[in-house]
Amino acid sequence: MQFQSLRWRAVNFQDLIARQNSRLRRRRIFHRCDDGENTIFARNFDAESIEAAAGIVLHVAKIVRLHELAMRIERGEHALHRSINEVVIARFVTIDIILPQQLYRLGENRDLRVTTIRIVFCRMRGEKPQRQQPVDEREQRQHNKNKSTFHEDLDFRSGRNFWQRSTHSLTSRLSLLMKRLLLLILCAIVPTLNAAQNTDADFGAVAEEFIKGYLNARPLLATRLGFHEYDGRADDFSRLALDAELQRLRRFDDRLRKFEPEELNARNGIDLRILQAAVANELFEFQDVHKFERNPMTYAHCADLNIYIARNFAPLEDRVRSLIVIESQIPNILIAGKTNLEAVLPRPHVELAIQIARGSADFLRKDMATAVDVVKDQELRANFIDANRRAAVALSDFANWLEKDKLPKATPNFALGEAKYQRWLTETELVDLPPAKILEVGLARLKEEQQTFADAAKIIDPNRPPADVFKEIQKEHPSADKLIPDIGKNLDQIRSYVTEHKIVGIPPNSKAAQVKETPQYDRATSFASMDTPGPFEKKATEAFYYVTPVEPGWSEQQKEEWLTSFNYYTADVTSIHEAYPGHYVQFLRLNASSANKIEKIFGSYAFIEGWAHYCEQMMLDQGFGGPRKPPETAEEQKRAAKYKMAQASEALLRLCRLCVSVKMHTQEMSVDEATKFFRENCYYEEKPARSEAMRGTFDYGYLNYSLGKLQILKLREDYKAQQGAEFSLEQFHNQLLDHGMPPIRLLREILIKDKAKWDEVL
208 MQFQSLRWRA
218 VNFQDLIARQ
228 NSRLRRRRIF
238 HRCDDGENTI
248 FARNFDAESI
258 EAAAGIVLHV
268 AKIVRLHELA
278 MRIERGEHAL
288 HRSINEVVIA
298 RFVTIDIILP
308 QQLYRLGENR
318 DLRVTTIRIV
328 FCRMRGEKPQ
338 RQQPVDEREQ
348 RQHNKNKSTF
358 HEDLDFRSGR
368 NFWQRSTHSL
378 TSRLSLLMKR
388 LLLLILCAIV
398 PTLNAAQNTD
408 ADFGAVAEEF
418 IKGYLNARPL
428 LATRLGFHEY
438 DGRADDFSRL
448 ALDAELQRLR
458 RFDDRLRKFE
468 PEELNARNGI
478 DLRILQAAVA
488 NELFEFQDVH
498 KFERNPMTYA
508 HCADLNIYIA
518 RNFAPLEDRV
528 RSLIVIESQI
538 PNILIAGKTN
548 LEAVLPRPHV
558 ELAIQIARGS
568 ADFLRKDMAT
578 AVDVVKDQEL
588 RANFIDANRR
598 AAVALSDFAN
608 WLEKDKLPKA
618 TPNFALGEAK
628 YQRWLTETEL
638 VDLPPAKILE
648 VGLARLKEEQ
658 QTFADAAKII
668 DPNRPPADVF
678 KEIQKEHPSA
688 DKLIPDIGKN
698 LDQIRSYVTE
708 HKIVGIPPNS
718 KAAQVKETPQ
728 YDRATSFASM
738 DTPGPFEKKA
748 TEAFYYVTPV
758 EPGWSEQQKE
768 EWLTSFNYYT
778 ADVTSIHEAY
788 PGHYVQFLRL
798 NASSANKIEK
808 IFGSYAFIEG
818 WAHYCEQMML
828 DQGFGGPRKP
838 PETAEEQKRA
848 AKYKMAQASE
858 ALLRLCRLCV
868 SVKMHTQEMS
878 VDEATKFFRE
888 NCYYEEKPAR
898 SEAMRGTFDY
908 GYLNYSLGKL
918 QILKLREDYK
928 AQQGAEFSLE
938 QFHNQLLDHG
948 MPPIRLLREI
958 LIKDKAKWDE
968 VL
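Mapped onto the working numbering, the consecutive letters of the sequence shown carry residue numbers 208 to 969.
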C-alpha cells in the first residue's frame with residue numbers, strides 16, 4: 208500500500224475533486240472520512256524512504272486552508288488507542304484517527320488496508336502559504352530516490368522541508384511545534400491525553416462533528432431530513448463501510464463519556480444525553496442485534512426511495528438523476544447483503560424480508576416507473592428505465608435467494624435475551640426498570656383497559672360479550688375502494704376540534720396532511736403511518752398520512768378481516784394518532800420551535816410514539832366523539848361508547864405489544880403464542896394478529912407506544928400537581944413538544960422542579 212504525497216504547490220484542490228488535472232491520472236480519491244469530507248490519497252513513489260523507529264511513515268494527504276498530514280502505522284502495536292481522538296499540543300495540532308475501513312478500495316489496490324491519523328496544523332496569524340510552481344512528477348520521483356529522508360515542501364513561507372535538518376531555521380513558533388510533534392510521533396509512547404475540556408463549546412464541536420459523520424454514513428436519511436447536499440447518494444452496506452461506522456460510533460461513545468452533564472449548561476446537559484442515547488441505540492443495533500448480519504430486511508428496504516417521487520424538493524429531472532445513481536447501486540447493496548448475512552437467520556425476519564423485497568420490486572416497476580414516465584428528456588428516461596429495471600431484478604433475485612437458500616434452514620430463534628433487553632431500555636430510553644417489572648405494569652394496565660372496553664360495550668348492548676359488540680362495530684367500515692377518501696374526510700373536523708378546544712397550539716399556515724396508500728414496500732409491516740417532511744426541509748413541505756389498503760390477491764375473508772381494523776370509529780382514533788394532534792402536530796411544533804440539530808435529528812421511540820398514542824385517550828377525555836351539546840341523547844351515548852371502544856381497542860393493541868415484546872425477547876414466547884395473545888387480549892382476527900406478532904420479532908421497541916404513553920401520563924400528573932391552579936393542558940402539551948424528541952425521563956428534568964421525582968417515570 209503506497210500513497211503519493213500531495214504538496215500545497217502540487218495541484219488545486221478543486222482539481223483533485225474533479226480529477227480534471229492531467230497529473231491525477233494515477234491517483235485515487237477515497238471518500239467517507241470521519242468528518243464527512245473527502246480525503247484524497249494517491250500513490251507514493253518513495254514509501255520506503257523513511258521509517259521511524261516507531262514504525263510511522265508521514266505523508267501529506269490534503270492541503271486546503273489548513274495543512275493536513277496523514278500517517279500510516281506500519282505495525283499495529285504502535286497504533287494510538289482509539290480513545291485518543293484528539294490531542295492538542297501547544298494549541299496548534301489536533302490528531303484525529305481515521306480508520307482503514309473508511310477508505311474505499313479503488314483502483315488496482317484491491318487489498319487496501321491502512322490505518323491513518325490526520326494531523327491538522329492551524330494557520331498562524333498573519334501568515335499565508337505561498338503557492339509554488341508544480342514540479343514534474345518524474346523529477347520528483349528521482350529527487351526522492353536521492354534522499355535518505357522524506358522530503359516535503361511544507362514550510363509555510365520558505366518552502367523548505369521541515370522534517371529534514373535545514374541550515375535555515377524556521378520561525379520559533381513553528382520550530383517549537385515541529386519538535387513537539389516529532390517527539391510525539393517518533394517516541395510512539397503517547398500517554399492517554401484528552402484535549403477536549405468539558406465545556407459547552409467543546410461539546411458543541413464534538414456534537415457537530417458526530418452529526419456530520421452520522422449523516423455522511425446515512426445519505427438517504429440525510430435527504431429525508433432535508434439536507435439535500437446528500438441527494439443522489441446510496442447508503443453503503445459494504446463490510447468496509449459498516450466496520451468504519453461501527454468504529455466511528457465507538458469512538459464517539461468514548462468521547463461523549465468524557466463530558467459530564469453537570470459541567471455543561473442545562474440545555475447541553477440534556478443534549479449530551481440525547482446524543483449518548485442515540486449512539487447507544489446505534490451501537491446496540493450493530494453489536495447486539497447484528498442487524499446487518501442477521502436481519503435481511505435491512506437490505507430489502509434499500510429501495511425505500513419514495514421521497515424522490517413524493518416530494519418536489521428539486522426539479523423532477525434532477526431527482527431522476529439522483530434516482531439513477533442510487534438505483535444503480537441497489538444490485539451492489541444486495542450483493543453486500545448476501546455477503547454480510549449469516550448462514551442461518553431468524554425465520555420471521557426471512558419471511559418478512561421476502562415480502563418486502565418483492566414489494567419493493569413491484570414499487571419500482573409500477574409506482575416509480577409511472578412517476579418518472581412524464582420526464583421529457585428521452586436519454587434521461589432511458590437511463591432511468593435501465594437502472595430501474597436492474598434494481599427491480601436484483602430485488603426479485605434477492606427475494607428468491609432468501610426463499611431458496613435461507614428460508615429452508617432458518618431458525619425460529621430471534622429473541623434478544625433479558626440482559627440485552629434491559630440494557631437497551633436503560634441506555635436508549637433511560638428507563639432503568641427490569642423487564643419483568645414493565646411486564647407487570649403492562650399486564651395490570653391491560654386488565655384495566657379490558658374493563659374499560661367492557662364497560663363501553665354494556666352501553667351499546669348489555670346482553671352480548673364485549674368482543675362480539677366490537678365485532679359488530681367493526682362491520683361499520685368503508686369498502687376497499689372508499690378506504691382512503693373516507694379516512695381523509697374527517698381530518699379537517701379533527702383539526703378544528705384541536706384548535707377550538709385548545710388542546711395544543713398548531714403553528715399557523717400549516718399545510719394539511721394528505722391521505723395516501725402506503726407504498727408497496729412498507730405494507731408488510733405497516734397498518735398506517737405518518738410521513739412528515741424533514742425538519743430541515745425548505746421546499747417540499749407536504750405531509751403524507753399513509754394507510755395500508757387490502758391486497759388484490761387476498762381472499763374475500765382476508766380483505767374483510769383487514770378492513771374491520773378501519774371501522775369508522777377506529778379510523779378517527781387512528782387519524783388522531785397519526786395527524787391531529789399526534790405525529791403531524793408534533794412535527795409542526797418541532798419544526799417551529801427553537802430546537803437545535805441534536806434535538807431535531809435524534810428522537811426517542813417512546814416519546815414519538817408515546818405522544819401519538821397518548822393523544823388518542825386524551826382527545827376522548829377532552830370530549831371528542833361525545834355529545835355536541837348537553838343533554839346527551841341515547842344515540843349520542845352509544846356513539847361515544849363506540850368511540851371509547853375503538854380507543855380502548857387501540858390501547859389494548861399497544862398494551863399487548865408491550866407484553867408480547869417483553870415475553871418474546873425475555874421469556875421465549877413464540878410467534879404462534881404471540882398471535883394467540885393478540886387474538887385473546889385485544890380481540891384481533893388471525894391475519895392482523897399474526898402481522899403484529901411477526902413485527903414484534905424484529906421491532907422489539909414497539910412496547911414504547913404504551914411505555915411512552917404511561918410516562919407522559921405520569922409526567923402530566925406530576926406537572927399538574929406542581930402547577931396547581933395555574934395548570935393548563937395546552938401549555939403542558941406545548942412545553943412537552945417544544946424541546947425536541949428526548950427520552951421522557953429527560954423531560955422530567957425540564958418540567959419537574961423536584962429532583963427527587965425525576966426518576967419516577969411510571
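In this text, a Cβ means the ideal position worked out from N, Cα and C, and glycines have one as well. This structure is a prediction, so every number in the text was calculated from the model and none was measured.
Status (buried if at least 16 other CB within 10 Å, exposed otherwise) for residue i
i      : result
ARG835 : exposed
GLN339 : With a pLDDT of only 44 at GLN339, under 50, the local geometry of the prediction cannot be trusted, and the value read off the model is given with reservation. It is exposed - the Cβ of GLN339 has fewer than 16 other Cβ atoms within 10 Å.
ARG464 : exposed
LEU931 : Here residue 931 is Gly; the residue named in the question, Leu, does not match the sequence. Flag for GLY931 reads exposed.
ILE326 : Annotation note: pLDDT 36 at ILE326 (below 50); position unreliable, coordinate value reported separately. So ILE326 counts as buried.
ALA594 : buried
SER913 : buried
THR739 : buried
THR771 : buried
VAL676 : buried
ARG446 : exposed
HIS497 : exposed
LEU969 : exposed
GLY624 : exposed
VAL581 : exposed
ALA900 : buried
ASP729 : buried
SER567 : buried
SER801 : exposed
CB of residue i within 9 Å of CB of residue j, strictly
i      : j      : result
LYS849 : ALA663 : yes
GLU744 : LEU432 : yes
ILE710 : HIS946 : no
LEU632 : PRO642 : yes
SER868 : TYR909 : yes
ALA598 : ARG565 : no
ILE477 : ILE808 : no
ALA424 : ASP407 : no
LEU614 : VAL557 : yes
ASP574 : ILE514 : no
ALA853 : ILE680 : yes
ALA786 : TYR752 : yes
Limits of the unbroken alpha helix (DSSP H) element including residue i
i      : result
SER567 : 554-570
TYR812 : 812-828
VAL413 : 407-423
THR635 : Counting along the chain, THR635 falls outside any alpha helix (DSSP H), and DSSP gives it neither H nor E.
TRP761 : Run containing TRP761: none; DSSP gives neither H nor E here.
PHE444 : It is not in any alpha helix (DSSP H) - PHE444 carries neither H nor E in the DSSP assignment.
GLU956 : 951-958
GLU586 : 585-608
ARG431 : 426-432
LYS807 : 804-808
ARG835 : Here ARG835 belongs to no alpha helix (DSSP H), and DSSP marks it neither H nor E.
LEU437 : Looking at the sequence shown, residue 437 is not Leu but Tyr. No alpha helix (DSSP H) holds TYR437; DSSP gives it neither H nor E.
Distance cut-off 8 Å: residue i Cβ against heavy atoms of the ligand COA
i      : result
ILE533 : Of the ligands one can find in the structure shown there are none, so the ligand COA has no counterpart to examine.
Short CB-CB distance (under 9 Å) between residue i and chain D
i      : result
GLU843 : This model lacks chain D altogether; it includes just one protein chain.
Let me know the beta strand (DSSP E) ranges lying completely inside the stretch 666-693, each 3 residues or longer, listed in chain order. Listed in chain order, there is nothing to give.
Please give me, in chain order, every unbroken run of the beta strand (DSSP E) with length at least 3 that falls completely inside the stretch 690-750. 721-724, 735-738
Which runs of the alpha helix (DSSP H) at least 4 residues long sit entirely within the stretch 482-567? Give them in chain order. 498-501, 504-507, 514-517, 523-547
Does the count of Cβ pairs from the stretch 507-515 and the stretch 533-549 closer than 8 Å reach three? yes
For the stretch 863-918, list the alpha helix (DSSP H) runs that are entirely contained and at least 4 residues long, ordered along the chain. 878-888, 893-905
Taking one C-beta from the stretch 792-803 and one from the stretch 884-898 each time, how about it: are there three or more such pairs within less than 8 Å? no
Decide if the stretch 819-827 is in contact with the stretch 635-648; the criterion is three or more beta carbon pairs, one per stretch, under 8 Å apart. no
Using 8 Å as the cut-off, can you tell me whether the stretch 935-952 makes contact with the stretch 880-887, which would need three or more C-beta pairs spanning the two stretches below that distance? no
State whether the stretch 574-586 contacts the stretch 541-552, with contact taken as three or more CB pairs (one from each stretch) at a distance under 8 Å. The count of Cβ pairs closer than 8 Å, one atom from the stretch 574-586 and one from the stretch 541-552, stays below three, leaving the stretches out of contact.
Assess, as a yes-or-no matter, whether the stretch 806-821 is touched by the stretch 916-924 under the definition of 3 or more beta carbon pairs within less than 8 Å. Yes, the stretch 916-924 touches the stretch 806-821.
Do the stretch 514-521 and the stretch 425-439 make contact, defined as three or more Cβ pairs closer than 8 Å? yes
Three Cβ pairs or more, each shorter than 8 Å: is that satisfied between the stretch 692-699 and the stretch 764-781? yes
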